[in-house]
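J.:
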Amino acid sequence: MSFRINHNISSINALRNLGGTESSVSKSLERLSSGLRVNRGADDPAGLVISESMRSQLSGIRQAIENAETATAMIQTAEGAMNEIHTLLNSIRELAIHAANTGANDDIMLAADQDEIDNAIATIDRIANQTQFGVKKLLDGSSGVTGTTTDPSVTFFTATESSISGTYAIDITTMAEQAQATAGTGQTAVLGATETVTVNGVEIILTAGCTQVQVVDQINLYSSSTGATASIVGGDLTVTSNGYGSNVNASVVSNLAAATTSTGIGMTVIADTGVDIAGTIGSLAATGRGRVLTGGAGLAVEGIAISTGLAVGAAGSVTVTNNSLVFQVGANKNQTVTITLNRLATNGIGTDVTGNIFNNLSEITVLSADQAQDAIEIIDKAIQQVSAKRGELGVFQKNTLESSTANLAITEENLVAAESIIRDTDFAQEMAELTKNQILLQSGTAMLVQANQIPQVVLQLLQ
1 MSFRINHNIS
11 SINALRNLGG
21 TESSVSKSLE
31 RLSSGLRVNR
41 GADDPAGLVI
51 SESMRSQLSG
61 IRQAIENAET
71 ATAMIQTAEG
81 AMNEIHTLLN
91 SIRELAIHAA
101 NTGANDDIML
111 AADQDEIDNA
121 IATIDRIANQ
131 TQFGVKKLLD
141 GSSGVTGTTT
151 DPSVTFFTAT
161 ESSISGTYAI
171 DITTMAEQAQ
181 ATAGTGQTAV
191 LGATETVTVN
201 GVEIILTAGC
211 TQVQVVDQIN
221 LYSSSTGATA
231 SIVGGDLTVT
241 SNGYGSNVNA
251 SVVSNLAAAT
261 TSTGIGMTVI
271 ADTGVDIAGT
281 IGSLAATGRG
291 RVLTGGAGLA
301 VEGIAISTGL
311 AVGAAGSVTV
321 TNNSLVFQVG
331 ANKNQTVTIT
341 LNRLATNGIG
351 TDVTGNIFNN
361 LSEITVLSAD
371 QAQDAIEIID
381 KAIQQVSAKR
391 GELGVFQKNT
401 LESSTANLAI
411 TEENLVAAES
421 IIRDTDFAQE
431 MAELTKNQIL
441 LQSGTAMLVQ
451 ANQIPQVVLQ
461 LLQ
């Protein structure tokens, strides 16, 4: 056994252990007071890196959930406006069906029906142009696919979400034509007897004594009902359809045989059919209907529709821009969903009905039986189009937004649990550790006192 006074190894050892215990006590107190097991990189470098990455994901997920909820509110706003449009369309349909009951209606009743229809159409247009979420308008077409043309004689009608943004050259190979029926024998005298002329199914009575000019004027009084206009061309009575394309007709038949004292129409039915526009968009196939040229299905120009009265040949270009609504519903890059809200004004719904005198809902009139029947068909098409868009919004809300929100909430829950395991303090474990270290701190302090008394033995040896 040896005794030394220059170096007290026992004291140094006790002091070192006491310092370690004190550090452990301090760390336990920090963890218990902060609630975090990892307060700095030195506590757990790998755990800190992983937990910070999780925190970043969590903040992104929480914002994505908020984005999805905002998108849901926006879609509900648009769908609510469409519901009002649906109600108005149903009212318009009732009026058209009432107007079609021509056996019990007179001109005053038909005019009243038309006035109410016009008012409902104006209301639909107002809803389409004024519905907005915050400052963003939803149904005016600005949240859909828009287009501009370089030639002022070319009008951009519409495009779909399938249309690819870009600039496409327009080339017209066949111009749309109106239907035109011309009597073979011109009227050279006043009518010698009352005559009934049927124009596109509408009977018009021409009284005896009418001149050719008066015949034309009388026929044109019914232009809104017949969808055609009469004129004198080369001395002959000519009836021209108001519309263009293969879906419009001009037919005339008289109940009197052709004679110099009659209209010169005779018993023979005079009829003609219009011609649809033909051409290409972006050198790709397009379908013509009347004066409207629409890009073919499955192509880059699918759904792009333009109208022109320009002559055959190049007609400038159309530039299409997809302004579809894009929602970020994920915490990472490109985790987006898209929905297109097309223009729902009345000149954009009730379209694509073949063999109809009207091109869209804004054009309908119900002042005759034929017009009322065609109006019903246009209205049904408009209802179908609005219903389809409402269904699309419903699917988008339910299967995309709500499902994304639910999935994000589950992901958030799991990430929070994972981060908690890495970063949070386990209070039971930490209290046990603190208690142990506090006891060691007390015993270490006592042992340091004992170790410091060892050199005193040397003094006893020196006495």
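In our numbering, the protein residues as written are 1 to 463.
Ideal Cβ placement from N, Cα and C applies to all residues, glycine included.
These numbers come from a predicted model, not from an experiment.
For residue 408, which of helix, strand or coil comes out of DSSP?
T.: helix
J.: Determine the burial state of residue 40: buried for a count of at least 16 other Cβ atoms within 10 Å of its Cβ, exposed for fewer.
T.: exposed
J.: Would you call the region 336 to 351 and the region 137 to 147 touching, i.e. three or more CB-CB distances under 8 Å?
T.: Touching, yes, given that three or more Cβ pairs across the two stretches are closer than 8 Å.
J.: Please classify residue 361: is it buried, with 16 or more other beta-carbons within 10 angstroms of its beta-carbon, or exposed?
T.: Residue 361 comes out buried.
J.: Counting C-beta neighbours from all protein chains within 10 Å, is the total for residue 389 16 or more, i.e. buried, or is it exposed?
T.: buried
J.: Given this structure, state the Cα-to-Cα distance separating residue 264 from residue 220, to the nearest angstrom.
T.: Confidence is the limiting factor: at residue 264 the pLDDT is only 47, short of 50, which leaves the residue's position unreliable and the question unanswerable from this model.
J.: Starting from residue 289, trace the beta strand (DSSP E) in both directions and tell me its first and last residue.
T.: 284 to 289
J.: Among 358, 383 and 385, whose alpha-carbon lies nearest the alpha-carbon of residue 373?
T.: 358
J.: Give the range of the alpha helix (DSSP H) segment to which residue 437 is assigned.
T.: 427 to 452
J.: In chain order, what are the residue ranges of uninterrupted beta strand (DSSP E) at least 3 long that sit wholly in the region 49 to 134?
T.: none
J.: If you drop the 5 nearest sequence neighbours on each side, which residues of the same chain put their C-beta closer than 7 Å to that of residue 14?
T.: 444, 447, 448 and 451
J.: Which of the three DSSP states is assigned to residue 176 in this structure?
T.: coil
J.: What does the alpha-carbon distance come out to for the pair residue 111 and residue 196?
T.: 24 Å
J.: Please determine, among 54, 296 and 50, the residue with the shortest C-alpha to C-alpha distance to residue 162.
T.: The candidate whose alpha carbon is nearest that of residue 162 is 296.
J.: Taking the beta carbon of residue 237 as the centre, do at least 16 other beta carbons fall within 10 Å, making it buried, or is it exposed?
T.: buried
J.: In this structure, what does DSSP give as the bridge partners for residue 381?
T.: Residue 381 pairs with nothing; no bridge assigned.
J.: Could you check whether residue 64 and residue 331 sit closer than 9 Å to each other, using their CB atoms as the reference points?
T.: Yes.
J.: Run the proximity test for residue 104: is its beta-carbon closer than 8 Å to any non-hydrogen atom belonging to the ligand FMN?
T.: This structure does not include the ligand FMN; it has no bound ligands of any sort.
J.: Can the beta-carbon of residue 318 be found less than 9 Å from the beta-carbon of residue 156?
T.: Cβ distance < 9 Å, so residue 318 and residue 156 count as in contact.
J.: Taking the alpha carbon of residue 121 as the reference point, which residue from 411, 460, 154 and 87 has its own alpha carbon closest?
T.: The closest CA to that of residue 121, considering only 411, 460, 154 and 87, is found on 87.
J.: Terminal residues of the continuous alpha helix (DSSP H) containing residue 274?
T.: Run containing residue 274: none; DSSP gives neither H nor E here.
J.: Using 8 Å as the threshold, is the region 409 to 427 in touch with the region 43 to 60, meaning 3 or more CB pairs across them?
T.: yes
J.: Would you tell me roughly how many angstroms separate the C-alpha atoms of residue 336 and residue 223, rounded to the nearest one?
T.: 52 Å
J.: Would you mind giving the Cβ-Cβ distance between residue 180 and residue 240, rounded to the nearest angstrom? I have them listed as a contact below 8 Å.
T.: 5 Å
J.: By the 10 Å Cβ neighbour count, where 16 or more other Cβ atoms means buried, how is residue 431 classified, buried or exposed?
T.: The residue is exposed, with fewer than 16 neighbouring Cβ atoms inside 10 Å.
J.: Quick one: what's got a C-beta closer than 8 Å to residue 50's C-beta in the same chain, skipping five residues either side?
T.: 422
J.: Hey, how far is the Cα of residue 274 from the Cα of residue 245?
T.: 4 Å
J.: Exposed or buried, which one is residue 461 when buried takes at least 16 other CB atoms within 10 Å?
T.: With a 10 Å radius around the Cβ and a threshold of 16 neighbouring Cβ atoms, residue 461 comes out exposed.
J.: Reducing DSSP to helix, strand and coil, say where residue 157 ends up.
T.: strand
J.: Roughly how far, in whole angstroms, is the beta-carbon of residue 308 from the beta-carbon of residue 291, given that I think they are within contact range, below 8 Å?
T.: Right, their Cβ atoms sit about 7 Å apart.
J.: Residue 328 bridges to which residues according to DSSP?
T.: 336
J.: Am I right that residue 286 and residue 158 are in contact with their C-beta atoms under 8 Å? What's the rounded C-beta distance?
T.: About 13 Å; that fails the 8 Å criterion.
J.: Going along the chain, which residues of its own chain have a beta-carbon closer than 6 Å to the beta-carbon of residue 322, five neighbours each way excluded?
T.: 145 and 165
J.: Need the endpoints of the beta strand (DSSP E) that residue 402 sits in, please.
T.: Segment: none, residue 402 is in no beta strand (DSSP E) and carries neither H nor E.
J.: Taking contact to mean at least 3 C-beta pairs separated by less than 8 Å, is the region 71 to 83 in contact with the region 378 to 397?
T.: yes
J.: How should residue 266 be labelled, buried or exposed, when 16 other C-beta atoms within 10 angstroms of its C-beta is the threshold for buried?
T.: Any answer about residue 266 is weak, because its pLDDT of 47 lies below 50 and its placement is not dependable; what the coordinates show is given next. Residue 266 should be labelled buried.
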